[in-house]
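In the numbering used here, the protein residues as written are 55 to 570. We put the beta carbon where it would ideally sit given N, CA and C, even for glycine. To keep things clear, I will list the structure first and then write my remarks on it.
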Ligand code: NAP
């Protein structure tokens with residue numbers, strides 16, 4: 055039997071009482087470890103975090119909590135090699151893809167440590183200036199932000215076991231709010247190991263960080279009115295979370311990051327071989343293949359002027375043909391595996407669902423795997439689909455295939471292209487490619503209402519640009535509508551979710567005595 059990964063709740067390591075759910079190496083098919091949360095006293099665990107962890111964190115200032123984040127960065131950096139090994143084994147990712155998750159997390163915590171330091175030795179934040187409530191300024195209203203007196207529960211997706219934890223935990227801990235994380239079962243090992251390293255290093259107060267591995271049963275039930283819940287995952291599970299009594303009846307604040315049909319749009323006038331055209335091709339290929347397309351921000355729909363459709367299909371297909379797929383331990387492999395055989399089946403089903411409305415422009419499914427057994431490994435080569443009638447291909451705008459799959463769609467004119475981008479019904483990100491600043495700016499404003507982030511690429515930012523799918527802590531992550539309606543990161547804006555806004559109405563003397 056493989057090791058049962060322990061849960062850390064109520065200030066101690068506790069094993070579930072069940073046999074556990076196995077975690078696998080998605081390339082070799084071997085069992086790696088098991089997780090189980092059966093029998094944990096979750097209400098007691100949450101109470102411990104809320105009371106002990108919350109009090110201890112709130113007793114510190116923002117600057118002191120930023121110092122805790124700095125200490126976490128050191129712990130994570132010291133154990134980086136072990137994290138890469140776990141990612142290779144449990145997620146089947148090549149080194150560059152593991153870096154997006156692991157180094158992306160460390161970078162994000164480091165950023166919040168820096169930003170938090172600028173907030174100073176305060177216990178609450180001033181929100182705007184005081185305003186007078188009558189004719190004379192003798193009675194005024196001052197808005198404040200105070201850390202919520204509850205826990206932050208994170209229910210995370212399988213594709214970012216490291217970054218998914220830390221991009222949420224950094225702003226929560228900086229805000230003074232204790233964290234309980236429940237990683238997705240398939241890849242829970244890396245999350246559990248990182249929490250273990252931070253707990254063992256003793257850098258956080260008791261109750262500040264807990265981890266529950268295994269089933270989600272009972273987690274939402276344990277939430278109280280001042281707690282918050284941040285969910286990342288599928289739209290189906292998001293709907294269950296939204297309708298849970300904790301949210302519907304106890305007003306637990308909830309943030310949802312769900313699936314998204316992100317697009318990339320080449321502006322009119324970019325001829326095949328132009329800088330803008332080549333930049334689109336490069337970015338599409340990168341987005342389809344990084345983490346085998348298992349990124350919520352990956353490009354799923356490629357919108358190009360009808361006259362360059364064939365040239366775009368050829369150029370993207372040619373680059374995809376050069377992608378080697380297989381065992382991430384082989385240095386010649388560019389793209390590793392999906393996270394599990396279950397995901398491989400889900401990708402195949404997704405391709406089947408799109409088949410009736412698309413044609414296959416490049417088929418990586420035929421290509422032999424490097425160092426991997428196709429009967430065992432969860433590997434699949436990239437597939438580029440196309441639909442000449444972008445309006446009629448409804449499923450392309452509906453079905454998210456969470457793998458190395460994207461669909462090329464032609465548009466008649468820019469208005470049509472923008473309308474197609476909106477057909478995602480709310481997406482995390484879109485990217486625009488061109489060389490005319492004014493046209494790009496207009497297009498950016500036109501697509502913005504249905505997107506959390508608009509990534510505009512011109513030739514002069516070719517080297518400096520941070521990548522369509524890379525979520526930088528400086529920018530908002532989250533999108534309206536189908537993308538879940540959530541908002542994460544965006545610098546210190548992320549702290550809003552973990553604070554409560556209060557208006558204090560008083561004399562200028564009382565307001566000055568607040569010391570903010
Ligand atoms: P999922 O099946 O919805 O699972 C997400 C999490 O919810 C897992 O931790 C899962 O636990 C848990 N869960 C399952 N059923 C639950 C329930 N009834 N109550 C509470 N929690 C429950 O999603 P996934 O397959 O892991 O992730 C893939 C999806 O996530 C994709 O659609 C992708 O687009 C989306 N995603 C979005 C973002 C973003 O930032 N917008 C980022 C990454 C991924 P178990 O694993 O134990 O079942």
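- Residue 193 sits in coil when the DSSP states are folded into three classes, being neither helix nor strand.
- Per the C-alpha coordinates, the member of 407, 241, 415 positioned closest to residue 266 is 241.
- One alpha carbon belongs to residue 569, the other to residue 172, and they sit about 17 Å apart.
- Membership of residue 213 in any beta strand (DSSP E) is not indicated, and neither H nor E is assigned to it by DSSP.
- Counting only residues of its own chain and dropping the five nearest sequence neighbours on each side, residue 525 has a CB closer than 6 Å to the CB of 531.
- Secondary structure of residue 297 (DSSP, three-state): coil.
- About 12 Å separates the Cβ atoms of residue 228 and residue 262, ruling out a contact at the 8 Å cut-off.
- Of the heavy atoms belonging to ligand 1, at least one sits nearer than 7 Å to the Cβ of residue 538.
- Each of 191, 335, 298, 398 was checked against the Cα of residue 372, and the nearest Cα belongs to 335.
- Annotation for residue 61 indicates a beta carbon at 7 Å or more from all heavy atoms of ligand 1.
- Ligand 1 approaches residue 269 closely enough that one of its heavy atoms is under 7 Å from the residue's Cβ.
- By the Cβ test, the region 159-168 is in contact with the region 124-143, since at least three Cβ pairs between them sit closer than 8 Å.
- In the DSSP assignment, residue 138 falls within the unbroken alpha helix (DSSP H) covering 134-145.
- The shortest C-alpha to C-alpha distance from residue 95 to any of 167, 369, 65 is the one to 65.
- Membership of residue 102 in the alpha helix (DSSP H) is indicated by the continuous run 96-102.
- Assignment of beta-bridge partners to residue 236 by DSSP yields 209.
- Between ligand 1 and the CB of residue 311, the shortest heavy atom gap is smaller than 7 Å.
- Here residue 55 is exposed. Its C-beta has fewer than 16 other C-beta atoms within 10 Å.
- For residue 459, the beta-bridge partners assigned by DSSP are 437.
- CA-CA distance, residue 102 to residue 276, rounds to 12 Å.
- Residue 481 has its Cβ no nearer than 7 Å to any heavy atom of ligand 1.
- Ligand 1 never approaches residue 526 closely enough for any of its heavy atoms to be under 7 Å from the residue's Cβ.
- Distance between residue 58 and residue 210, taken at the CA atoms: about 20 Å.
- With 16 or more other Cβ atoms inside 10 Å of its own Cβ, residue 380 counts as buried.
- The region 530-545 and the region 469-485 touch, with three or more beta-carbon pairs separated by less than 8 Å.
- In the displayed model, residue 317 falls within a strand according to three-state DSSP.
- A buried status is given to residue 454, since no fewer than 16 other beta-carbon atoms sit within 10 Å of its beta-carbon.
- Around the beta carbon of residue 399, fewer than 16 other beta carbons lie within 10 angstroms, which makes this residue exposed.
- In this structure, the alpha-carbon of residue 419 lies about 11 Å from that of residue 405.
- Checking the DSSP bridge columns, you'll see residue 186 partnered with 194.
- Per DSSP, the beta bridge partners of residue 78 are 85.
- Proximity of the beta carbon of residue 160 to ligand 1 is not indicated: no heavy atom of the ligand is located closer than 7 Å.
- Contact between the region 285-298 and the region 99-119 is absent: fewer than three C-beta pairs spanning the two stretches fall below 8 Å.
- Collapsing the DSSP output to three states places residue 442 in coil.
- Contact between the region 296-309 and the region 86-93 is not established, with fewer than three Cβ pairs separated by less than 8 Å.
- For residue 81, the closest C-alpha among the options 500, 450, 523, 434 is that of 434.
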